[in-house]
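K.L.:
Here you go, one structure.
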């Protein structure tokens, strides 16, 4: 623009110079003519010619006006450019953002987003504040708003250093010393496992167990007459405790498989074999109840061949010992067979260094707090040691053996009770010793952080799946309404919303009756785990939904009652207590508390409770049957009413009951009678062998000879849940 101005000024200067030269020549000529014709020319003739100074002034004014116009134009363009630059606000957006989020980052209201998408292919009517926008629509809105687009990047959290505690590397073989074997007794329920163990340690555990069934894992150290020691794990044989048996197999060295000679291989026997194989643990076969007349040990050995358990008698490597747990026959031989196998395995451990072990069982004691039973696998546990188990830690305040006697240290293969946990660990958790309380907190914090990160990743996956589902549903909705006129589309949507009314209180009650919220409380962690495992087999949600509201270890508390009252649920307690105050509070609120000592009784109670939530089935019971022998009509006023002449073949016809008409084996009518007559008398009951005439509440229905009339009544029959927990 500056160059153009310079050129224009040069042109104007040249023109001014030319005009000045021309005016000088013109003045001389005029001066000559004025002398001759001074009186002949009027004044205006001279005024037709501008003076040079006037010409310069004219051009100067034009030039200044032109400069002013050019300057204003440049300023206006600069202002427009600066204003457009300022209005281009940078907006940070991301894939899958909602309409509400879009409006917030743009600092606009939601209506602005709708207006920006008005004339696009997107269905505005289907957009809600929480609707997710595709990439193309986000770009469209930003473009129409005159803003700059910036895709946000997920902020990467600073990678934290792994602070977890791990097991030590394998020890130098020179430091290893022989240790006692850890032996797990497995088998089917009621095959005599606990009784066998009782004879070995001369206690009466079975008498203390409810129903004679072991409800949780017991860890015991048994000293044999020969001086050897064996740590026994007694795992439950009931179907409910499959997970507990699996955990027992993972910490054991040898499995004693107990099979009753009079019963043979059963379901839990096969599961126990599979657990032992998965853990790669050798098996010693104890064929129990050989003192019974119907005992057949050889049959048991043959049945086990199908599961790759080959006894020495059949050329295999599995020792088989015929025992009687009740009389104590051959139990020493069983113990010697176990010790022999342990010597072959050359079991050794490192008693030095930080402790490593496994939680066998955990429970809460009122006076002592969280308590665990553990098996030490490496190192020597002493009072004051700092232990970590999953997301909790402990400073060992007290240790005791299986008899409750206080001990000062626990060596490898030794079962020990530990007191001092901050929170209750779960059965099966790995125990590791760390150097200080600060280190223990660091490990627990890291594990909680790691779990939180895993949970976040799972949540992101779920959110992404939900977003894809929403997009697919939105796409289907667009295809559904795409070809319709906007009036038709609006009418269909109105009809759909009209159908989706809020539930009335009665309908809500009926819906809630098909949901059973429950709270589970158990004495130990393993028992609660077993009950939850059974609940995982629930497969009758189409009948009644089973909702687990809460579960935990310990006696039933006031919080449990309040929670059950909130969800209208039932509290199930296994081997726990509910104080009189708790029971009174539950009674006032109408909360059911059901306490059980035997696990399968609890499950049976749960099945009955589920059955009460099911709607009753309506069944028909036949009262009487009659055959139509003749048909005729009766005139009443101006109407002709068809009447059937019948004879009762079976039972009796009662006028107040329900009836159905059967023709050629098909029911063509159901309803009630308008009249029932014997000869000319109105009657309420017609018995077997009597003739009668009857008319129906359906006047247009025509009778035919040979049709059957059945009198019946409907009764409501309570249904039972189809859920079968497997025992």
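Residue numbers (my numbering): -3 to 723. Positions of the beta carbon are idealized from the N, C-alpha and C atoms, including for glycine. Since the structure is predicted, the reported quantities are computational estimates derived from the model, not experimental observations.
#1: Among all the DSSP beta bridges, which residues are the ones paired with residue 147?
#2: Would you say the stretch 362 to 376 touches the stretch 341 to 348, given that touching needs at least three Cβ pairs under 8 Å?
#3: Take residue 335 and list the residues in its own chain whose beta-carbon comes closer than 6 Å to its own, dropping the five residues that flank it on each side.
#4: Measure from the alpha carbon of residue 89 to the alpha carbon of each residue in 292, 178, 110, 144, then state which is nearest.
#5: Label residue 739 either buried or exposed according to how many other C-beta atoms from any shown protein chain fall within 10 Å of its C-beta, with 16 as the threshold for buried.
#6: What is the C-beta distance between residue 393 and residue 416, in whole angstroms, given that I count them as a contact (C-beta under 8 Å)?
#7: Can you list, in chain order, the residues of its chain with a C-beta nearer than 6 Å to that of residue 258? Leave out the 5 residues immediately preceding and following it.
#8: For residue 571, count neighbouring C-beta atoms within 10 Å of its own C-beta (all shown protein chains included) and say buried if the count is 16 or more, exposed if not.
#9: If distances are taken between C-alpha atoms only, which option among 395, 419, 406 comes closest to residue 384?
#10: Just checking my contact of residue 688 with residue 673 at CB under 8 Å: how many whole Å lie between their CB atoms?
#11: Out of 364, 661, 391, point me to the one whose CA is closest to residue 431's CA.
#12: Within the continuous beta strand (DSSP E) that includes residue 687, where are the two ends?
#13: Count the CB pairs spanning the stretch 592 to 606 and the stretch 551 to 565 that are closer than 8 Å, and state whether there are at least three.
#14: If I follow the unbroken alpha helix (DSSP H) through residue 293, where does it start and stop?
#15: Among 112, 691, 532, 356, which has the Cα closest to the Cα of residue 724?
#16: Tell me where the alpha helix (DSSP H) around residue 133 begins and ends.
#17: Can you say whether residue 402 is buried or exposed, counting buried as having 16 or more other CB atoms within 10 angstroms of its CB?
#18: Quick one: residues in its chain with C-beta nearer than 6 Å to the C-beta of residue 536, no 5 flanking neighbours on either side, listed in chain order?
#19: Where does residue 522 sit, in a helix, a strand or coil, going by DSSP?
#20: Three-state secondary structure (DSSP) at residue 182?
#21: Pairing CB atoms from the stretch 357 to 368 with CB atoms from the stretch 431 to 447, are three or more of them under 8 Å?
#22: Report yes if the CB atom of residue 422 is closer than 8 Å to the CB atom of residue 520, and no otherwise.
#23: Do the stretch 573 to 585 and the stretch 530 to 544 meet, that is, are 3 or more Cβ pairs less than 8 Å apart?
#24: Exposed or buried, what is residue 248 when buried is set at 16 or more other beta-carbons lying within 10 Å of its beta-carbon?
#25: Could you check which residue in 541, 641, 92 has the C-alpha nearest to that of residue 675?
#26: Can you tell which of 319, 338, 323 has its C-alpha closest to the C-alpha of residue 329?
#27: Work out the CA separation of residue 466 and residue 227 for me, nearest whole Å.
#28: In the DSSP assignment, what residue or residues form a beta bridge with residue 682?
#29: Hey, quick one: how far does the beta strand (DSSP E) through residue 546 stretch, first residue to last?
#30: Taking the alpha carbon of residue 260 as the point to measure from, which residue in 281, 271, 272 has its own alpha carbon closest?
#31: Anyone know if the C-beta pair for residue 254 and residue 183 falls short of 8 Å?
#32: Residue range of the alpha helix (DSSP H) that residue 268 falls in?
#33: What's the gap between the Cα of residue 107 and the Cα of residue 100?
#34: Near residue 396, which residues of its chain fall below 7 Å by C-beta distance, leaving aside the five closest residues on each side in sequence?
#35: How many angstroms separate the CA atom of residue 314 from the CA atom of residue 300?
#36: Just checking my contact of residue 112 with residue 95 at CB under 8 Å: how many whole Å lie between their CB atoms?
P.N.:
Reading off the structure:
#1: 89
#2: yes
#3: 224
#4: 144
#5: Absent from the structure is residue 739, since the part of the chain shown begins at -3 and ends at 723.
#6: Under the criterion of beta carbons closer than 8 Å, residue 393 and residue 416 qualify as touching, at roughly 4 Å.
#7: 285, 288, 290, 291
#8: buried
#9: 419
#10: 6 Å
#11: 391
#12: Counting along the chain, the beta strand (DSSP E) containing residue 687 begins and ends at 687 to 692.
#13: no
#14: 293 to 301
#15: With the chain covering -3 to 723 only, the question about residue 724 has no answer from this structure.
#16: 131 to 141
#17: exposed
#18: So the qualifying residues of the chain are 717, 718, 719.
#19: helix
#20: strand
#21: no
#22: Going by beta carbons, residue 422 and residue 520 fall outside the 8 Å limit.
#23: no
#24: buried
#25: Checking every option, the nearest Cα to that of residue 675 belongs to 641.
#26: 319
#27: Distance between the alpha carbons of residue 227 and residue 466 is about 57 Å.
#28: 649
#29: 541 to 549
#30: 281
#31: yes
#32: 263 to 274
#33: 12 Å
#34: 402, 403, 413
#35: 11 Å
#36: With 8 Å as the limit, residue 112 and residue 95 do not qualify as a contact, their Cβ atoms being about 10 Å apart.
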